[in-house]
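Asks: Below you'll find the structure I mean.
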Amino acid sequence: MRETFASVIAANRFGLGARPGELALIGGDAREWLRAQLRAPPPVLGAADLRPSSQILAQALELRHEIQAQRKQAVTVGSAGSDAADPAQKRLPQFLRPIYAAEVTARLQHAVATERPFLERLTQFWSNHFAVSIDKQFLAGLAGSFEREAIRPHVLGSFTDMLLAVETHPAMQLYLDNYLSVGPNSLAAQRRARRQAPLIGINENLAREILELHTLGVGGGYTQKDVTSFAEVITGWSIGGEGGRFADGEPGRFVFRPELHEPGAKVVLGRRYPDAGFDQGVAVLRDLAAERAAAHFIATKLTRHFIQDDPPPAVVARVADVFTASGGNLPRVYAALLDLHEAWLQPLAKYKTPADYVVSSFRGLAVPVEADHAPLAPFELLGQRTWSPGAPAGWPDRSADWDGASGLMKRIQWADALGARLGNRREALQLAPQLLGANLSEATRQSVAHAASATQALTLLLASPEFMRR
Amino acid sequence: MAMLRREFLGFGALAAGGALLGTRVSLAHADTGTSRFVLVIMRGALDGLAAVPPLGDRAYPELRREFALRAPGESGGALPLDGFFGLHPALSFLQQCYAARELIVLQALATPYRERSHFDGQDVLENGSPRPHALQTGWLNRALAAAPRPAAREAGVALGQNVPLVMRGPAAVTSWSSSKLTVLDDDTLARITDLYAGDPLLATRLADALAANAMAAGAGGESGAMKPQVPAPGARGTARYAEVVRAAAGFLRREDGPKVAVFDTNGWDTHANEGGAQGQLASRLGELDAGLATLHQELGTAWKDSAVLLITEFGRTAAINGTRGTDHGTATVAFLLGGAVAGGRVITDWPGLSSRALYQGRDLAATLDLRSVLKGLLSEHLAVPAHALERDVFPDSAAARPLRGLVHT
């Protein structure tokens, strides 16, 4: 390994971009700097205004009931206006938006300030692996608390524990519709059949995405039958306080509803699971996490994120082997990543995502993140609004997904605006080696040195080819 | 088994087995110098049976239960198409196009992909090969690379910050999206251009962005069409696609501009509470329909040379699921509209919805290969040579014979 590049690879590739002084701090032993970040328990995001999911969801459900009741009343008294004119329509977004803003701000503040940026990158990796998206109702209010409750506590734990926490979290139950799913032979379905009420049944969305996106990967060897069968296994996994047939249970919390659960033993991936109610699903998840396909899938995504867009199979296999041998012990998997010779070869192998670009700019220029200074705006302007991948696959992770012409122009324009805002208070020429280390090219150094103004110098530094990549 | 076949109007007989044999060689090529093509990708798997309900199929009402649309003319009923199929009531502009013989509805169509992953399904939809991840470039870009050289530096434009897979590849394309950010001063731009001289990727992207911005500025000067004048991203209502279609039209109207535009729509993954004549999907279809009407209006005289194709990765289950939605399925619908389209027909080899006819007992079966449609369209509308279509654009697609006569030639 070329030691001159090791510190900048550690700060940029594994971290979130160097803060001034960080490269010097890393010094000669880049791997140790990274390993040390994994030793203490993960920090808790501590802003006072962050609330638990259960509280937020219970309030949101309550609010929705109120809105629905109001509407019904409006209809009966014959004063129903159009939806657009209905002020009740706005009440949910008005409730959810400040929660989202507070969560994104806290997350960004932490990412910019943290001295354990490797841990934060890993957190964001897993949050994107188990993606929820705020374009679905309620998720704007839950995406942040979901990450704090289901992802962060397990980033230095086991994959199985994280998987269980994620799939039993109300946010995931809502996002992939499972809370409504009903076994076709469950008690609830039988009761309805007797009354000849409209049919209810399973929804296979969560079961499919657990197999495809959370564990085995799309080529992981499961069939449509496995999807259907697994969907039956997790019928009854739901949330409390939803109203109608979902009214009971503590509002806003995960509940198991035995009356919705499909009775009987089920076969998933050739293994037979006797009916054990809620535990039947836990047993399947535990087995999925231990599948070789899951190890391979997770190793592929990790090496794609940390090494190159298309990691060589031998590299993937080495990480997958450790995943399997350690039973999904995540710190050991991360250590295997750091031990890969290939991780230290190409200092600029990855094109930054817009979020990476924003966070590394804020870190590099030591920009204070203040809640009243529109901290969400850059993510929106650059096309990566936090927690809004739009699909359960999460944001894509290859350079070609992000290197569009319009996207590049926006980065440069945003960098220019940031430079203008900071003006003469940053010395770009002095910062350049601190941000880019051995990656700093002579062309960039010259360009920054000969800039027409301090502001322009900052723009050129942030627009430089080496700052676009990690 | 009695199977109702909808005729391929105007194309003579069907071959045995329902395969598409469009062997008639078109000698009269379109004047491709003026042909415009807009590709709209509907991500998330559009429910083709909701958008184009087979009202004449006896199994339809039971499968769709409370969401089954009533006959045209009834309250909340479908809009009329050919008597057998109807059109979702939210698609009133499309219905006008149909009546004006500017819309072809393609039903029971699918890509060669037969699994049910959105992400692999979209990959096949865009890469043009039979398998996910087999190619890192898209069929539309490869078609542009093989088409007669365009006048513009960029053959195509993606409306968005980044270029979707379908438009990635050897042909020069650009991307454009409206920006609330301030334009850079010329001196800074010149310095960044210099700084990128040693970096081919960034140099190309920057040049493409500048070219697109110059065109956008020009179009904005004519009609204000490309100025961002639409609500913030995520805004609901009929204006959802107004900005993006105005921008697309702004590029396509220009004589020196790209002749191909692509943009995404989403929100089609309706697993729960999909709705019928009204509801979640109806709102999305209404937004799309309004966007297409705006596109028609904004293209102006260029509409007569335009073909707009709407495609999605796969369809959804024939039956409503347990949560009043539909799960991932197989065959679905595509729409081809525009002044260049020889429309006013439904093209399908209808497989039926009886339980025996359903693919794997749950999905509408595919009887029409999307690549047949694309091959016919690309050859007749954009003059992409046949050998390139077979070899480079859609490898391993010999069984999918081009469907000809989709556009006026």
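Going down the list, the sequences are from chains A and B. The first sequence begins at 11 in this note's numbering and counts up one residue at a time. The second sequence begins at 4 in this note's numbering and counts up one residue at a time. Positions of the beta carbon are idealized from the N, C-alpha and C atoms, including for glycine.
Measure from the C-beta of residue 178 of chain B to each C-beta in chain A and report whether the shortest distance is under 8 Å.
Replies: Yes, its Cβ sits closer than 8 Å to a Cβ of chain A.
Asks: Hey, how far is the Cα of residue 199 of chain B from the Cα of residue 234 of chain A?
Replies: Going from the Cα of residue 199 of chain B to the Cα of residue 234 of chain A covers about 49 Å.
Asks: Using a Cβ-Cβ distance under 8 Å, would residue 182 of chain A count as near chain B?
Replies: Not closer than 8 Å to any Cβ of chain B, the Cβ of residue 182 of chain A fails to qualify, so no.
Asks: In chain A, what lies closer than 7 Å to residue 191 of chain B by C-beta?
Replies: The answer, in chain order, is 426, 466 and 469.
Asks: Looking only at C-alpha atoms, which of A:150, A:168 and A:429 sits nearest to residue 337 of chain A?
Replies: Minimum Cα distance to residue 337 of chain A is reached at A:168.
Asks: So, is the C-beta of residue 28 of chain A closer than 8 Å to a C-beta in chain B?
Replies: No, residue 28 of chain A does not count as interfacial toward chain B.
Asks: Do the CB positions of residue 269 of chain B and residue 400 of chain A come within less than 8 Å of each other?
Replies: Yes, Cβ-Cβ distance for residue 269 of chain B and residue 400 of chain A is below 8 Å.
Asks: In angstroms, rounded to a whole number, what distance separates the CA positions of residue 360 of chain B and residue 335 of chain A?
Replies: When rounded, the distance between both Cα atoms is 47 Å.
Asks: Could you confirm whether any beta carbon from chain B is found closer than 8 Å to the beta carbon of residue 366 of chain A?
Replies: Cβ-Cβ to chain B under 8 Å: no for residue 366 of chain A.
Asks: Just the Cα atoms here: how many angstroms apart are residue 124 of chain A and residue 299 of chain B?
Replies: Each residue's alpha carbon lies about 51 Å from the other.
Asks: What first and last residue would you give for the beta strand (DSSP E) that runs through residue 46 of chain B?
Replies: 39 to 46 is the span of the beta strand (DSSP E), which, as asked, contains residue 46 of chain B.
Asks: Helix or strand or just coil, what does DSSP make of residue 159 of chain B?
Replies: Three-state DSSP puts residue 159 of chain B in a strand.
Asks: Whether or not the segment 404 to 414 of chain A and the segment 431 to 450 of chain A are in contact is what I'm after, with contact meaning three or more pairs of Cβ atoms, one per stretch, closer than 8 Å; do they touch?
Replies: Touching, no.
Asks: Would you say residue 475 of chain A lies against chain B (beta-carbon separation less than 8 Å)?
Replies: Yes, residue 475 of chain A counts as interfacial toward chain B.
Asks: Starting from residue 183 of chain B, find everything on chain A with Cβ-Cβ shorter than 7 Å and list it in chain order.
Replies: Correct list: 391.
Asks: Considering Cα atoms alone, identify which of B:91, B:84, B:61 and B:151 is closest to residue 72 of chain B.
Replies: Measuring from the Cα of residue 72 of chain B, the nearest candidate turns out to be B:91.
Asks: If you measure between the beta carbons of residue 261 of chain B and residue 160 of chain B, is that distance less than 8 Å?
Replies: Against a cut-off of 8 Å, the Cβ pair of residue 160 of chain B and residue 261 of chain B comes out as a contact.
Asks: So, is residue 47 of chain B buried or exposed, given that buried needs 16 or more other C-beta atoms within 10 angstroms?
Replies: It counts as buried.
Asks: For a cutoff of 8 Å on Cβ pairs, would you count residue 44 of chain A as touching chain B?
Replies: No - not a single Cβ of chain B is within 8 Å of the one on residue 44 of chain A.
Asks: Sort A:155, A:18, A:299 and A:191 by Cα distance to residue 279 of chain A and report the nearest one.
Replies: Nearest of A:155, A:18, A:299 and A:191 to residue 279 of chain A, Cα basis: A:299.
Asks: Within the segment 236 to 311 of chain B, note down every full beta strand (DSSP E) run reaching 3 residues or more, in order along the chain.
Replies: You should have 263 to 269.
Asks: Report yes if the C-beta distance between residue 162 of chain B and residue 182 of chain B is below 8 Å; otherwise report no.
Replies: In this structure, residue 182 of chain B does not lie closer than 8 Å to residue 162 of chain B by Cβ.
Asks: To the nearest angstrom, how far is it from the Cα of residue 376 of chain A to the Cα of residue 444 of chain A?
Replies: Residue 376 of chain A and residue 444 of chain A: Cα-Cα distance of roughly 12 Å.
Asks: Using C-beta distances below 7 Å, list every residue in its chain close to residue 310 of chain B, excluding the 5 sequence neighbours before and after it, in chain order.
Replies: Within the same chain, residue 310 of chain B has close Cβ partners 40, 339, 341, 343, 344, 380, 384 and 410.
Asks: Quick check on DSSP: helix, strand or coil for residue 248 of chain A?
Replies: If DSSP states are grouped into helix, strand and coil, residue 248 of chain A belongs with the strands.
Asks: Reducing DSSP to helix, strand and coil, say where residue 78 of chain B ends up.
Replies: If DSSP states are grouped into helix, strand and coil, residue 78 of chain B belongs with coil.
Asks: At a CB-CB cut-off below 8 Å, which residues of chain B make contact with residue 113 of chain A?
Replies: Per Cβ cutoff of 8 Å: no residues; residue 113 of chain A is ~17 Å from chain B at best.
Asks: Just by C-beta distance, which residues in the segment 274 to 287 of chain B are closer than 8 Å to chain A?
Replies: Correct list: 274 and 275.
Asks: How many Å lie between residue 363 of chain A and residue 208 of chain B at the Cα?
Replies: Between residue 363 of chain A and residue 208 of chain B, the C-alpha separation is close to 16 Å.
Asks: Can you tell which of A:128, A:231, A:269 and A:323 has its C-alpha closest to the C-alpha of residue 200 of chain A?
Replies: When only C-alpha atoms are compared, the closest one is A:269.
Asks: Using a C-beta to C-beta distance shorter than 9 Å, which residues of chain A count as neighbours of residue 138 of chain B?
Replies: The premise fails here: residue 138 of chain B is roughly 12 Å from chain A at the closest Cβ pair, so nothing lies under 9 Å.
Asks: Rounded to whole angstroms, what is the Cα-Cα separation between residue 196 of chain B and residue 420 of chain A?
Replies: Cα to Cα, the separation comes out at about 15 Å.
Asks: To the nearest angstrom, how far is the alpha carbon of residue 120 of chain B from that of residue 130 of chain B?
Replies: Between residue 120 of chain B and residue 130 of chain B, the C-alpha separation is close to 15 Å.
Asks: Determine, for residue 401 of chain B, whether the minimum Cβ-Cβ distance to residues of chain A falls below 8 Å.
Replies: By this cut-off, residue 401 of chain B is not an interface position.
Asks: Would the beta-carbon of residue 483 of chain A fall within 8 Å of that of residue 276 of chain B?
Replies: Residue 483 of chain A cannot be examined here, being either before or after the span of chain A that is shown, 11 to 480.
Asks: Where does the unbroken beta strand (DSSP E) through residue 464 of chain A begin, and where does it stop?
Replies: Note, residue 464 of chain A: premise wrong, no beta strand (DSSP E); alpha helix (DSSP H) at 464 to 473.
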